[in-house]
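Peer 1:
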Amino acid sequence: MRLDMDFVRGQFPAFAQPALAGQAFFENAGGSYPCAQVVHRLTRFYTERKVQPYAPYEASRLAGAEMDEARARLAAILGVDTDEVSFGPSTTQNTYVLAQAFRQWMKPGEAIVVTNQDHEANSGPWRRLAEAGIEVREWRIDPETGHLNPERLEDLLDDSVRLVCFPHCSNVVGEINPVTEITAIAHAAGAFVCVDGVSYAPHGLPNVGDLGPDIYLFSAYKTYGPHQGVMVIRRTLGQMLPNQGHHFNGGTLYKRFTPAGPDHAQVAASAGMADYIDALAAHHGGGDLDAAGRGALAHDLMRAHEVALLQPLLDAVKARNAVRLIGPSDAARRAPTVALAVARPGVEVAADLA
Numbered sequence: 001m002r003l004d005m006d007f008v009r010g011q012f013p014a015f016a017q018p019a020l021a022g023q024a025f026f027e028n029a030g031g032s033y034p035c036a037q038v039v040h041r042l043t044r045f046y047t048e049r050k051v052q053p054y055a056p057y058e059a060s061r062l063a064g065a066e067m068d069e070a071r072a073r074l075a076a077i078l079g080v081d082t083d084e085v086s087f088g089p090s091t092t093q094n095t096y097v098l099a100q101a102f103r104q105w106m107k108p109g110e111a112i113v114v115t116n117q118d119h120e121a122n123s124g125p126w127r128r129l130a131e132a133g134i135e136v137r138e139w140r141i142d143p144e145t146g147h148l149n150p151e152r153l154e155d156l157l158d159d160s161v162r163l164v165c166f167p168h169c170s171n172v173v174g175e176i177n178p179v180t181e182i183t184a185i186a187h188a189a190g191a192f193v194c195v196d197g198v199s200y201a202p203h204g205l206p207n208v209g210d211l212g213p214d215i216y217l218f219s220a221y222k223t224y225g226p227h228q229g230v231m232v233i234r235r236t237l238g239q240m241l242p243n244q245g246h247h248f249n250g251g252t253l254y255k256r257f258t259p260a261g262p263d264h265a266q267v268a269a270s271a272g273m274a275d276y277i278d279a280l281a282a283h284h285g286g287g288d289l290d291a292a293g294r295g296a297l298a299h300d301l302m303r304a305h306e307v308a309l310l311q312p313l314l315d316a317v318k319a320r321n322a323v324r325l326i327g328p329s330d331a332a333r334r335a336p337t338v339a340l341a342v343a344r345p346g347v348e349v350a351a352d353l354a
């Protein structure tokens with residue numbers, strides 16, 4: 001089954017705008033256009049429900065119910081419990097909050113592992129733990145290929161390591177890392193795992209429950225939603241770390257790591273992401289599947305479409321002597337992010353291609 005691109009483009013109001021008609025956008029790193037379902041929910045919230053939620057009058061009740069709906073439906077797609085999903089202003093901000101919790105929980109002399117493949121959002125906040133006496137160990141990529149070798153991780157692990165941080169896929173070379181394998185290695189050594197999914201999730205939301213990490217982070221505004229960062233924090237770790245929210249919210253898992261409190265409208269509008277995934281699945285014959293199944297179908301349709309488009313480009317680049325492809329030459333092993341090594345300055349090449 002192929003992804004129906006006419007149907008997909010029809011879900012995004014932006015592509016009906018004359019100024020944008022016929023264009024394709026290769027800038028998920030900077031954000032994606034929101035789908036119609038998100039735009040509708042956000043507009044409805046601001047026009048009908050822009051009140052303090054969870055009070056016993058209708059507008060407030062509906063506001064709170066829609067916020068709860070977003071958390072519950074995304075959790076079901078991601079394969080985790082509803083209260084294991086939290087929302088924050090951005091993935092970078094969410095990571096800083098988590099790092100502060102680890103700073104309070106860990107002892108000087110204990111260690112974390114970070115990579116030099118990560119985006120700054122999943123690197124800088126953790127590296128700053130060194131200021132508190134935490135040892136920071138760097139899991140380094142192969143400098144020629146950008147590959148992050150799981151076998152090299154094992155050399156960095158011992159009883160003092162409390163956390164291993166790495167990306168689901170590189171936002172530079174695009175290689176998809178084996179999250180389940182890496183998580184198993186870290187867990188076997190007694191360490192928790194934090195995965196930055198920002199560069200992977202736009203290509204299909206993963207089943208985080210199946211993957212197994214303790215923390216999974218991604219950005220809703222890069223997955224067709226509003227400007228929010230989404231955190232999955234599994235219960236065992238979430239209840240172990242110190243509360244970062246208001247003291248009276250410490251008993252509620254999804255409130256423990258959102259010190260600023262939720263952005264009511266943006267959280268509510270995030271349910272539109274689930275609407276889009278459900279519409280995509282239903283259009284392609286998966287309407288009777290459960291939420292995780294609909295998410296998996298949408299994920300697989302997106303990935304198959306990307307692989308079909310990407311493989312000819314990778315083959316063409318690989319065949320040119322003047323250009324060296326960085327990362328896997330098999331499109332199934334990478335996101336559609338392509339990094340090239342060329343003899344000329346990159347600015348000149350970009351100008352010629354513009």
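FYI, our numbering numbers position 116 of the sequence shown as 116, with every residue one higher than the one before it. Each residue gets a CB set at the ideal place from its N, CA and C atoms; glycine is no exception. Being a predicted model, the structure only gives us computed values, none of them experimental.
(1) Which residue's Cα is closest to the Cα of residue 341: 63, 173, 69 and 235?
(2) Quick check: the Cα distance between residue 91 and residue 274, rounded to an integer number of angstroms?
(3) Where does residue 185 fall in DSSP's three states?
(4) Can you tell me which of the three DSSP states residue 173 falls into?
(5) Once the 5 residues before and after residue 154 are set aside, which same chain residues still bring their CB inside 7 Å of it?
(6) Name the residue from 163, 325, 191 and 97 whose alpha carbon lies nearest to the alpha carbon of residue 243.
(7) Look up residue 87 in the DSSP assignment and say whether it is helix, strand or coil.
(8) Contact between the region 33-49 and the region 255-262: three or more CB pairs below 8 Å?
(9) Can you name, in chain order, every residue of its own chain whose Cβ lies under 8 Å from the Cβ of residue 25, other than the five neighbours on each side?
(10) Could you check if residue 319 is buried or exposed, using at least 16 other CB atoms within 10 Å of its CB as the buried criterion?
(11) Using three-state DSSP, classify residue 125 as helix, strand or coil.
(12) Unbroken alpha helix (DSSP H) runs of length 4 or more, entirely within the region 202-228: which are they?
(13) Name the two residues that bound the continuous alpha helix (DSSP H) containing residue 45.
(14) Please list the terminal residues of the continuous alpha helix (DSSP H) segment that includes residue 77.
(15) So if DSSP puts residue 193 in a beta bridge, which residue, or which two residues, is it bridged to?
(16) Per DSSP, what kind of secondary structure is residue 115 in: helix, strand or coil?
(17) Mind checking residue 144: buried by the 16 CB within 10 Å criterion, or exposed?
(18) If distances are taken between C-alpha atoms only, which option among 149, 55, 105 and 107 comes closest to residue 327?
(19) For the pair the region 292-307 and the region 198-208, tell me if three or more CB-CB distances fall below 8 Å.
(20) What does a CB cutoff of less than 8 Å around residue 240 pick up in its chain, not counting 5 residues either side in sequence?
(21) For the beta strand (DSSP E) containing residue 326, list its first residue and its last residue.
(22) Do you know whose CA, among 94, 301, 195 and 250, lies nearest residue 2's CA?
(23) Could you pull the DSSP bridge partners for residue 339 from this structure?
(24) Just to confirm, are residue 164 and residue 193 a CB contact at a threshold of 8 Å?
(25) Below 8 Å on the Cβ atoms is my guess for residue 162 versus residue 110; work out the distance and round it to an integer in Å.
(26) Do you know whose CA, among 157, 114, 103 and 60, lies nearest residue 133's CA?
(27) Where residue 112 and residue 77 are concerned, what is the direct C-alpha to C-alpha distance, given to the nearest angstrom?
(28) Are the Cβ atoms of residue 118 and residue 214 separated by less than 8 Å?
(29) Going by DSSP, what residue range makes up the alpha helix (DSSP H) through residue 317?
Peer 2: Short version:
(1) The shortest Cα separation from residue 341 among 63, 173, 69 and 235 belongs to 173.
(2) Rounded to whole angstroms, residue 91 to residue 274 spans 19 Å at the Cα level.
(3) The answer is helix: DSSP assigns residue 185 an H, G or I state.
(4) Coil.
(5) Taken in chain order, the residues that qualify are 185.
(6) Measuring from the Cα of residue 243, the nearest candidate turns out to be 97.
(7) Strand at residue 87.
(8) No, the region 33-49 does not touch the region 255-262.
(9) Here the set comprises 32 and 33.
(10) Of the residues assessed, residue 319 falls on the exposed side of the cut-off, its CB having fewer than 16 other CB atoms within 10 angstroms.
(11) If DSSP states are grouped into helix, strand and coil, residue 125 belongs with the helices.
(12) Unbroken alpha helix (DSSP H) runs of no fewer than 4 residues, entirely contained in the region 202-228, are found at 208-211, following chain order.
(13) Counting along the chain, the unbroken alpha helix (DSSP H) around residue 45 starts and ends at 36-48.
(14) Start and end: 58-78.
(15) Paired residue(s): 164.
(16) Residue state for residue 115 is assigned as strand, using DSSP reduced to three classes.
(17) That one is exposed.
(18) Of 149, 55, 105 and 107, the residue nearest in Cα terms is 149.
(19) Short answer: they touch.
(20) Scanning its chain for C-beta atoms nearer than 8 Å, with the 5 sequence neighbours on each side dropped, one finds around residue 240 the residues 105, in chain order.
(21) 323-326 is the span of the beta strand (DSSP E), which, as asked, contains residue 326.
(22) Looking at the Cα atoms, 301 is the closest of the given residues.
(23) Residue 339 pairs with 326.
(24) Between residue 164 and residue 193, the gap from beta carbon to beta carbon is short of 8 Å.
(25) Between the beta-carbon of residue 162 and that of residue 110 there is about 5 Å, and that keeps the pair under the 8 Å contact cut.
(26) Among 157, 114, 103 and 60, the Cα nearest to that of residue 133 is on 103.
(27) Cα-Cα distance, rounded: 30 Å.
(28) Taking C-beta atoms as the reference points, residue 118 and residue 214 fail to come closer than 8 Å.
(29) Where residue 317 is concerned, the enclosing alpha helix (DSSP H) stretches over 291-318.
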